[in-house]
Every structure is written in structure tokens, then in C-alpha cells.
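Q: In my numbering, the protein residues as written are 110 to 255.
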């Protein structure tokens with residue numbers, strides 16, 4: 110269920126992002142970094158608020174993302190800089206949910222935004238991934254043998 114003025118967009122299959130790595134998706138001309146922390150996924154704007162470094166290329170350590178440019182560290186729970194808290198600099202984060210092995214991100218309503226992966230499986234239609242826009246490398250999934 111979406112909040113007022115927001116919508117959930119399916120952006121990538123869970124298995125397309127290895128544990129302790131990040132990937133970038135583009136949503137309405139905004140780059141969002143999605144990280145697989147092992148037990149959960151988090152999504153933040155792919156731009157370090159300090160100097161604009163690409164956070165998806167950073168290092169993940171516990172609940173901390175380290176910017177690859179100047180090593181600023183951010184807690185993914187709070188968005189606050191771990192090593193420069195006094196700066197008041199925070200990451201822009203996005204709510205994430207997982208359903209049927211697909212990562213969805215809640216974003217503001219925007220007529221230019223399209224879902225990247227339709228999910229409409231059923232007994233007579235096996236699940237297949239089709240991207241309207243290339244966001245992440247999509248790997249076709251074979252139908253389950255029952």
C-alpha cells in the first residue's frame with residue numbers, strides 16, 4: 110500500500126544484487142543506490158551529500174556505507190554521517206519492500222516513472238522479467254518445475 114502522494118516501484122530482482130554490494134537504478138532521472146545487507150535491502154540517493162561521490166561504489170561495513178571519494182561514512186538506519194555527525198549531513202533514503210523476490214522502492218508520484226519489472230505470475234502464466242527501461246542487468250528466470 111502506498112502513502113499519499115507516493116507509489117511503490119518494482120526495480121530489481123533480489124538475486125541481482127550480491128550480499129554486501131550496491132547497484133544503481135534510475136528513477137525519474139534520479140540515481141538510487143540499492144544495497145544488499147544480507148538480511149535486508151536499503152535504498153539511498155546514489156550521491157554522497159558531502160562531495161557527490163557515487164555511494165553504490167562504496168564499501169559496506171555492517172550498517173555503514175563508506176563513500177569511495179572521501180571516506181565519509183553514513184549509517185543506513187539513520188542516514189546520519191558516522192564520522193562527521195556535527196556537519197548535519199544526511200543521506201536521502203527510500204523505503205524498501207520485498208515481495209515475490211522483487212525489490213520495490215517507494216517514491217513520489219511522477220507521471221514519467223514506469224515500473225521496470227511487471228510481476229503478474231499465475232498458474233497459467235509463468236513469471237518472466239521484462240524491463241521497459243534497462244535499470245539493472247536482468248537475468249531471465251526459468252519457470253519453476255512442479
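Even glycine gets a Cβ: it sits at the ideal position worked out from N, Cα and C.
Note that the structure is a prediction, hence the values are computed from the model and not measured.
Taking C-alpha atoms, which residue in 132, 199, 156 lies nearest to residue 188?
A: Checked all of 132, 199, 156; the closest Cα to residue 188 is 199.
Q: Should residue 217 be labelled buried (16 or more other beta-carbon atoms within 10 Å of its own) or exposed?
A: The residue in question, residue 217, is exposed, as its Cβ has fewer than 16 Cβ neighbours within 10 Å.
Q: In angstroms, rounded to a whole number, what distance separates the CA positions of residue 164 and residue 196?
A: Cα to Cα, residue 164 sits roughly 18 Å from residue 196.
Q: Beta-carbon separation of residue 145 and residue 174 under 8 Å?
A: It is not a contact, given that the beta carbons lie outside the stated cut-off.
Q: Excluding the 5 residues preceding and the 5 following residue 181 in the sequence, name in chain order all residues of the same chain whose CB lies nearer than 7 Å to its CB.
A: Hits under 7 Å: 157, 159, 190, 192, 193.
Q: Please state the DSSP three-state secondary structure of residue 138.
A: Residue 138 falls in the coil class under three-state DSSP.
Q: Which residue marks the beginning of the beta strand (DSSP E) containing residue 121, and which one marks its end?
A: Residue 121 -> beta strand (DSSP E) spans 115 to 122.
Q: Suppose the cutoff is 6 Å on Cβ atoms and the five residues either side in sequence are ignored; what does the same chain contact list for residue 129 look like?
A: If we look at residue 129 and ignore the five residues flanking it on each side, its Cβ neighbours are 169.
Q: Just grab the DSSP bridge partners of residue 206 for me.
A: According to DSSP, which records beta bridges pairwise, residue 206 is partnered with 213.
Q: Count the other CB atoms, across all protein chains shown, that sit within 10 Å of the CB of residue 212; report buried if there are 16 or more and exposed otherwise.
A: Result: buried.
Q: Along the beta strand (DSSP E) that carries residue 305, what are the first and last residues, could you check?
A: Outside the shown range of the chain (110 to 255) lies residue 305, about which nothing can therefore be said.
Q: Excluding five sequence neighbours on each side, which residues of the same chain lie with their C-beta closer than 6 Å to the C-beta of residue 248?
A: Because residue 248 carries a pLDDT of 46, less than 50, the predicted location of this residue cannot be relied on, and the following value inherits that uncertainty. Within the same chain, residue 248 has no close Cβ partners at all.
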